Amino acid sequence: RLKCSKLPASIFPCLPMDMVSASWAVYAAYMISAPVWLLCVARGFLRQRVHDKVVPQEWEFIGLRLFAFYAMTDLVRAVDLCFATDAQLTDGACRSTWGLLPLSIRVVLWWARDITMLVSLAFFLDFTVGWTHTLLNRHPPSWLAAITRIGVPSICIGMSGCAVGLVMTNRAVWIFGLVAWVALLNIGTAAIGWKLLWSILPDVRRHLGGVARPEADMLVFQARVVAVGMLVLAAAIFAGFLPIFALRLREGAVSWPMVPARPLGVYIGDTHFSPLSSLPVGVTPNPAPECVEMMIGWALLFGCVLSAKGCSGMQTSACGYVTRRELGVALLKDTAYGSNSKAE
18 RLKCSKLPAS IFPCLPMDMV SASWAVYAAY MISAPVWLLC VARGFLRQRV HDKVVPQEWE
78 FIGLRLFAFY AMTDLVRAVD LCFATDAQLT DGACRSTWGL LPLSIRVVLW WARDITMLVS
138 LAFFLDFTVG WTHTLLNRHP PSWLAAITRI GVPSICIGMS GCAVGLVMTN RAVWIFGLVA
198 WVALLNIGTA AIGWKLLWSI LPDVRRHLGG VARPEADMLV FQARVVAVGM LVLAAAIFAG
258 FLPIFALRLR EGAVSWPMVP ARPLGVYIGD THFSPLSSLP VGVTPNPAPE CVEMMIGWAL
318 LFGCVLSAKG CSGMQTSACG YVTRRELGVA LLKDTAYGSN SKAE
């Protein structure tokens, strides 16, 4: 076996891979992933228009369009990925791949992408609560609707304010405000996830029995995966991120500038992070956050596009898709027909 040390340096210039090389590898993977997402979106639009016998349900119709916007904003952002570093540099604590995008454009893209993701989550949860309670012939608890229809939009407004504050004041403390809003969001989504896993979905499964439509299995699977994911994310936020941020605040992060070369209280939207190639010796970038962002994109691709099965044998409403209520009623009729068949 050849050892790494004997491989030609011209082919493998840095073995083992350092963090700079890892950052470039993540960038290359991102630039492959984002166009693939858009190709899948185009295929999803074509499928919804061509297949007249299989019509999309509400989440598939809206989710595809939300993910299309998400993928487009993330593709523009990915052209000049930003990597945090392990040191406060004089020209900013971050490095980008090429140094092209000003901070104002970068924050707008971050904001648009993340708000779209939160809106997608809120819509999916509201859709799931809608069709499951129609199937169960129940009125959903008012607090579930309050979280998805009032709580999530309010949190989006709060996060937007923090993003504006970051750009307008050069104070890194606004990032901690963003984390606080995310923690608050996770309290609400974790409560919904717990309710889905331990109450709603078991009742739905018992109600469906073995006579449900094939697409019902995917709906229940999606709801269970999202619920588990929300609980895991909430545990990670409260067990990992919040203690770290509390420690940073104790170390004086309130007075830390986002761009050290600029004074506190000034506009930094015109700042361009220096390219990754100008990183000083001994300072390492951290590609892990961008790697997580890419994994989130792939997960959303599956949940919004690739898992779409449509509804066979159902007529669409004027909206062009099967609404949550129409879906719940159809499943309810199937269970009633199946119960009558078993009785006979």
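The end of the sequence shown is residue 361 by this note's numbering, with every number in the run present. A virtual CB, placed ideally from N, CA and C, is assigned to each residue, including glycine. Remember, it's a predicted structure, so these values are computed and weren't measured experimentally.
In whole angstroms, what separates the C-alpha of T102 from that of S38?
14 angstroms
Express the C-alpha separation of V53 and L138 in angstroms, rounding to a whole number.
22 angstroms
Where A42 sits in the DSSP three-state scheme:
helix
Is it buried or exposed, L264, if we count other Cβ atoms within 10 angstroms and call 16 or more buried?
exposed
Check whether the Cβ atoms of R112 and L344 lie closer than 8 angstroms to each other.
no
Going by other Cβ atoms of all chains shown within 10 Å of its Cβ, with 16 needed for buried, is A233 buried or exposed?
buried
Should F78 go down as buried or exposed, given a rule of 16 or more other Cβ atoms within 10 Å for buried?
Buried, because 16 or more other Cβ atoms sit within 10 Å of the Cβ of F78.
Per-residue DSSP class, three states only, for R60
helix
How long is the line joining the alpha carbons of L295 and L117, rounded to whole angstroms?
For the record, residue 295 in the displayed sequence is Ser; it is not Leu. The alpha-carbon atoms of S295 and L117 are separated by roughly 14 angstroms.
Using CA atoms only, rank isn't needed, just tell me which of W128, F319, G80 and A253 is closest to T90.
W128
What are the start and end residues of the alpha helix (DSSP H) that includes A110?
Unbroken run through A110: none, as it is neither H nor E.
To the nearest angstrom, how far is it from the Cα of L183 to the Cα of V276?
10 angstroms
Quick one: grab the DSSP three-state call for N203.
helix
Beta-bridge pairing of S329 - partner residues as DSSP gives them
Per DSSP, V71.
In chain order, each beta strand (DSSP E) run of at least 3 residues that lies wholly inside the stretch 282 to 309
none
Backbone secondary structure at C179 - three-state DSSP
Helix, per DSSP.
Compare the beta carbon distance of C99 and F262 with 8 angstroms and say whether it is the shorter of the two.
no
Among all the DSSP beta bridges, which residues are the ones paired with C99?
S113
Could you give the distance in angstroms between the alpha-carbon of A200 and the alpha-carbon of G337?
36 angstroms
For V72, the nearest candidate out of P157, V339 and L349 (CA to CA)
Of the residues P157, V339 and L349, the one whose Cα lies closest to the Cα of V72 is V339.
Alpha-carbon to alpha-carbon, K326 and V298
51 angstroms
Residues bridged to P119 [DSSP beta-bridge criterion]:
H289
Classify Y284 as buried or exposed, calling it buried when 16 or more other Cβ atoms lie within 10 Å of its own Cβ.
exposed
Assigned exposure category for W215 - 16 Cβ within 10 Å defines buried:
exposed
Consult DSSP for P52 and reduce its assignment to one of helix, strand or coil.
Here P52 carries a helix assignment [DSSP, helix/strand/coil].
Report buried or exposed for H150, applying the criterion of at least 16 other Cβ atoms within 10 angstroms of its Cβ.
Buried, because 16 or more other Cβ atoms sit within 10 Å of the Cβ of H150.
Is the stretch 218 to 226 touching the stretch 306 to 313 in the sense that three or more CB pairs, one from each, lie closer than 8 angstroms?
no
Endpoints, the alpha helix (DSSP H) within which S159 is located
S159 to A163
Which of helix, strand or coil does DSSP assign to R369?
With the chain covering 18 to 361 only, the question about residue 369 has no answer from this structure.
Measure the C-alpha to C-alpha separation of A42 and A95 and round it to an integer number of angstroms.
13 angstroms
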